[in-house]
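One structure is given here, and the rest of the page talks about it.
Protein chains in written order, with my numbering: chain B, 196 to 736; chain U, 31 to 367.
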């Protein structure tokens, strides 16, 4: 190529690029908005199958909407008018009815239910799916075991449309555990045809394809960018959803999510900073629904296995120094339910979460610290750790706590742990002081305590709290709940709550809210234990 | 020129090998345990151990590296844990998005910076020269995410002129059939002018953001290089011969001043391709920058390695391309090589 020629051709190319494109407009590719729900959130799924390895929480939302379970929950209405799942009332989904006996539960399946490829749903598919959930390992197997569902032998095909679950032991959580996201029913023949020797459960196939009998199916998934779900018009698990298509876009920037909502371009969003939610709420242009996390608490934890927090007086001192109300006002903008400052005579309730009796009282905190032998404050600064993945709430909490503790002579440094490391840090159980949130899918006090206070191996007992007495109460509550011994159950629950507040290995701060913002013409939001959206009930006016 | 190209390619091999080894070691040196991260919220130590074995992370480092190199030789970059997709596919899908945005950003930048630089050089210390200095200083000192957010606030939120910052296309459009991966080109090939316009509209704000950011080096380099050329003897001769100012400045001076500008362009382009992470985040752009950062935050090794490797290959190709371009623009360079 000659230099002159090249330069000339470059000039020509630039000129060609500068010619404006013809402004011809057509609406052929632009599809109707009316039947489409546009959801924006920070992050999206990494796997469309909840049985997969390391499926993240957005992936649960896909599973919930694309697969059916045998049973689901009825709805009840909260005082603020929000429909809220009723943990004690079940409704059939793939099952027509459920018959819970002494040591087994029998389900009669709907005869008309078909998978999205037209194959009828049979008891064989249910068994295969449950076998898969208890065998693949990781989170699904673990969640199944929370309801004492551990072995494939427990799942029995009686005939094509009758299915039985045998109990290994009596457990109150077995039935609720069949209504969580994990025991979903997959098209077993289809998956089997795609499975390989290395991948006997076809996880690679279901990672990318939703093959259930559920109300929606994923028709386009671009990881990290968008998920498109189309309605399955042949769904038999409930009334036909009104929304035909759901477009779920990932918008990493919170400010943009808010702008999209305010401009009316997005229909629903649910992970905005508290400040934005409180401003949107007072603005009144959008519907904002705030619901407390079921069975969830944000707390300050202290490692009780090592000094100085092995001394209960030091823990009391911290509990008296935490600026509770300031956290509610400045960090949460009021979007949380206080878990502190119950009146001194308030009786302990058979419920969880419930508030403890501490309030911010620096004089008292100082006294506790003096009693503990630290009249001049603690000798060394203590790192206070938090998960950087949720820095929006965690960081200001830690700063406020740091400021307050400094006033009673406890110097702290702030230790930001990147999200990827947080779990590793939890497992080590060596962080002396930290803030975190825990919430359980199954809304029972003994479930929460089993995870957070039992001396077993749970990583959420990050305080390394070991108390034989506590274990006795928790185990007692679990077994009395299974046998229906209500008096013992109530006593055990009261006892473990009292003990938790007496020993104070962790200081509950508040029950966080799930905040959902949507356009005024969108209706049908329901709160579910998994806190994600159920598209099936949404409607657009 | 072919021999030169081959020679240059051969020198790239050691750098590539180095990149492979260093990225592998660096990702392993990252704090955080991917197995714990992906084992889920309620994992027991056994579950984490199971996942670690499944991911092959329980093997000695040297064995992991051998497996990585063998996979690499087969064109397999591994699978991302955060998105669940093969890294090679993801990079292939995302690279055009980043490249389209970066190219357009660079074009915006050139269209503003080069004329500005030339004008500033022809009239040193004039108003235009000061304006050039001010604009480029402002552009480079405003952080990109800030410029991006301001542009969104003004042109989308307040006035509604720009479309929603929702990635490459409005949600109610479908992607044009994949040919090059550049939506502007693909939509024209498919004969969908409305998709072209929609894609262009989505591109304007992020491209402008990138353009403003990269103004400074290009404008300053154009100015400096033009000043040097304008003071040389042949320009004086040209002026003395009575050639029109346009011919003197554009035909003679600018062409001779182009070499350093092209070098800068190459550097700015490769720099932008990696550095537009923030723009991608702000505009929900499905590019490779945001992909790599998300993977990094999750200790997800495979995408990070794949990203660094891709960038290394791109840098090498780009430098090669620029060297070849030099030869075409200025025959002297070719002779020396």
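Quick reminder that beta carbons are idealized off the backbone N, C-alpha and C, glycines included. Everything numeric in this text was worked out from a predicted model, so none of it was measured.
Give the residues of chain D in contact with residue 195 of chain U, contact being defined as C-beta atoms less than 7 Å apart.
Structure shown: chain D not included; protein chains present are B and U.
Verify the CB distance criterion: does residue 114 of chain U have a CB-CB separation below 8 Å to chain B?
As a position in the second chain, residue 114 of chain U is number 84, starting the count at 1. Judged by the 8 Å Cβ criterion, residue 114 of chain U is in contact with chain B.
For the segment 612-690 of chain B, list the beta strand (DSSP E) runs that are entirely contained and at least 3 residues long, ordered along the chain.
628-634
Could you name the residues of the same chain whose beta carbon sits closer than 6 Å to that of residue 637 of chain B, not counting the 5 residues immediately before and after it, in chain order?
By 1-based counting over the first chain, the position of residue 637 of chain B is 442. Once the five neighbours on either side are set aside, the close Cβ partners of residue 637 of chain B are 368, 371.
Just curious, the alpha helix (DSSP H) that residue 371 of chain B is in, first and last residue?
Walking along the first chain from the start, residue 371 of chain B turns up at place 176. Where residue 371 of chain B is concerned, the enclosing alpha helix (DSSP H) stretches over 369-373.
Consult DSSP for residue 339 of chain B and reduce its assignment to one of helix, strand or coil.
As a working mapping, residue 339 of chain B is identified with position 144 in the first chain. In this structure, residue 339 of chain B counts as helix in the three-state DSSP scheme.
For the segment 125-139 of chain U, list every residue whose C-beta sits within 7 Å of some C-beta in chain B, in sequence order.
none
Can you name, in chain order, every residue of its own chain whose Cβ lies under 7 Å from the Cβ of residue 104 of chain U, other than the five neighbours on each side?
By 1-based counting over the second chain, the position of residue 104 of chain U is 74. Same-chain partners within the cutoff: there are none.
Rounded to whole angstroms, what's the CA-CA distance from residue 213 of chain U to residue 234 of chain U? Just pull it up for me.
To locate residue 213 of chain U, count along the second chain from 1; it is residue 183. To locate residue 234 of chain U, count along the second chain from 1; it is residue 204. Our two residues, residue 213 of chain U and residue 234 of chain U, have alpha carbons roughly 13 Å apart in a direct line.
Quick one: which residues of the segment 446-474 of chain B get their C-beta closer than 8 Å to a C-beta of chain U? List them in chain order.
With the criterion set as a beta carbon lying under 8 Å from some beta carbon of chain U, the members of the segment 446-474 of chain B are 446, 447, 448, 450, 451, 454, 455, 457, 458, 460, 461, in sequence order.
Can you find the residues in the same chain that come closer than 6 Å, C-beta to C-beta, to residue 475 of chain B, ignoring five residues on each side of it along the sequence?
For the purposes of this step, residue 475 of chain B is taken as residue 280 along the first chain, with counting starting at 1. Around residue 475 of chain B: 481, 483, 712.
Is the separation between the beta-carbon of residue 580 of chain B and that of residue 612 of chain B shorter than 8 Å?
Stepping through the first chain from its first residue, residue 580 of chain B is reached at position 385. Stepping through the first chain from its first residue, residue 612 of chain B is reached at position 417. In contact: residue 580 of chain B and residue 612 of chain B (Cβ atoms closer than 8 Å).
Using three-state DSSP, classify residue 733 of chain B as helix, strand or coil.
Walking along the first chain from the start, residue 733 of chain B turns up at place 538. DSSP, reduced to helix, strand and coil, places residue 733 of chain B outside both helices and strands of the structure shown, so it counts as coil.
Is any beta-carbon of chain U found at less than 8 Å from that of residue 733 of chain B?
Against the first chain, residue 733 of chain B aligns to sequence position 538. Contact with chain U is absent for residue 733 of chain B, since none of that chain's Cβ atoms lies less than 8 Å from the residue's Cβ.
Return yes when the Cβ of residue 440 of chain B is within less than 8 Å of the Cβ of residue 230 of chain B, no when it is not.
Start at 1 with the first residue of the first chain, and residue 230 of chain B comes out as number 35. Start at 1 with the first residue of the first chain, and residue 440 of chain B comes out as number 245. Yes; because the gap between Cβ atoms is below 8 Å, this pair is in contact.
Beta-carbon within less than 8 Å of residue 327 of chain U's beta-carbon, same chain only, minus the 5 sequence neighbours each way: which residues are those?
If you number the second chain from 1, residue 327 of chain U lands on position 297. Excluding positions up to five away in sequence, the list is empty.
Could you give the distance in angstroms between the alpha-carbon of residue 715 of chain B and the alpha-carbon of residue 465 of chain B?
As a first step, residue 715 of chain B is located in the first chain; it is residue number 520 there, counting from the start. As a first step, residue 465 of chain B is located in the first chain; it is residue number 270 there, counting from the start. Using only the alpha carbons, I get a separation of about 15 Å.
Starting from residue 312 of chain B, follow the beta strand (DSSP E) in both directions and report where the run begins and ends.
Position 117 of the first chain holds residue 312 of chain B. Careful: residue 312 of chain B lies outside any beta strand (DSSP E) and carries neither H nor E.
Cutting at 7 Å between CB atoms, please list the residues of its own chain near residue 545 of chain B, excluding the five before and the five after it.
Taking the first residue of the first chain as position 1, residue 545 of chain B is located at position 350. In its chain, beyond the 5 residues on either side, 685, 688, 689 have a beta carbon closer than 7 Å to the beta carbon of residue 545 of chain B.
DSSP state of residue 711 of chain B, grouped into three classes?
Here the question's residue 711 of chain B lines up with position 516 in the first chain. Under the three-state reduction of DSSP, residue 711 of chain B is assigned to strand.
According to DSSP, what are the bridge partners of residue 294 of chain B?
For the purposes of this step, residue 294 of chain B is identified with residue 99 of the first chain, where counting begins at 1. According to DSSP, residue 294 of chain B bridges with B/301.
On the three-pair Cβ rule with 8 Å, is the segment 242-257 of chain B touching the segment 721-730 of chain B?
yes
Looking at chain B, is there any beta carbon in it that lies within less than 8 Å of the beta carbon of residue 172 of chain U?
In the second chain, residue 172 of chain U corresponds to position 142, counting from 1. Chain B, which has no Cβ nearer than 8 Å to the Cβ of residue 172 of chain U, makes this no.
Please name the residue, chosen from U/253, U/333, U/344, U/205, that lies closest to residue 232 of chain U on a Cα-to-Cα basis.
Within the second chain, numbered from 1, the residue matching residue 232 of chain U stands at position 202. It is U/205 whose Cα lies nearest to the Cα of residue 232 of chain U.
Do the CB positions of residue 318 of chain B and residue 408 of chain B come within less than 8 Å of each other?
Numbered from its first residue, the first chain carries residue 318 of chain B at position 123. Numbered from its first residue, the first chain carries residue 408 of chain B at position 213. No, the Cβ-Cβ distance between residue 318 of chain B and residue 408 of chain B is not below 8 Å.
Compare the C-alpha of residue 251 of chain U against each of U/274, U/291, U/41 and name the closest.
Here residue 251 of chain U refers to the residue found at position 221 of the second chain. Selected option, being the one with the closest Cα: U/291.
Tell me whether residue 351 of chain B sits in a helix, a strand or coil according to DSSP, three-state version.
Here residue 351 of chain B corresponds to residue number 156 of the first chain, with the count starting at 1. Strand.
Taking only three categories from DSSP, how would you classify residue 120 of chain U?
Numbered from its first residue, the second chain carries residue 120 of chain U at position 90. Helix, per DSSP.
Helix, strand or coil, according to DSSP, for residue 473 of chain B in the structure here?
In the first chain, counting from the first residue as 1, residue 473 of chain B sits at position 278. In this structure, residue 473 of chain B counts as helix in the three-state DSSP scheme.
Given this structure, state the Cα-to-Cα distance separating residue 276 of chain U from residue 139 of chain U, to the nearest angstrom.
One-based indexing of the second chain puts residue 276 of chain U at position 246. One-based indexing of the second chain puts residue 139 of chain U at position 109. Whole-angstrom Cα-Cα distance: 22 Å.
In this structure, what does DSSP give as the bridge partners for residue 718 of chain B?
Within the first chain, numbered from 1, the residue matching residue 718 of chain B stands at position 523. Answer is B/734, bridged to residue 718 of chain B.
How would you write the range of the alpha helix (DSSP H) that residue 357 of chain U sits in, first residue to last?
Here the question's residue 357 of chain U lines up with position 327 in the second chain. Where residue 357 of chain U is concerned, the enclosing alpha helix (DSSP H) stretches over 331-359.
Quick one: what does DSSP say residue 208 of chain U is sitting in, helix, strand or coil?
Taking the second chain and counting its residues from 1, one reaches residue 208 of chain U at position 178. Coil, per DSSP.
Would you call the segment 231-250 of chain B in contact with the segment 445-452 of chain B, where contact means no fewer than 3 C-beta pairs closer than 8 Å?
yes
What are the residues in the segment 611-626 of chain B lying within 7 Å of chain U by C-beta distance?
613, 614, 615, 616, 618, 619, 622
Residue range of the alpha helix (DSSP H) that residue 598 of chain B falls in?
The sequence position of residue 598 of chain B within the first chain is 403, counting from 1. Here the alpha helix (DSSP H) through residue 598 of chain B covers 586-602.
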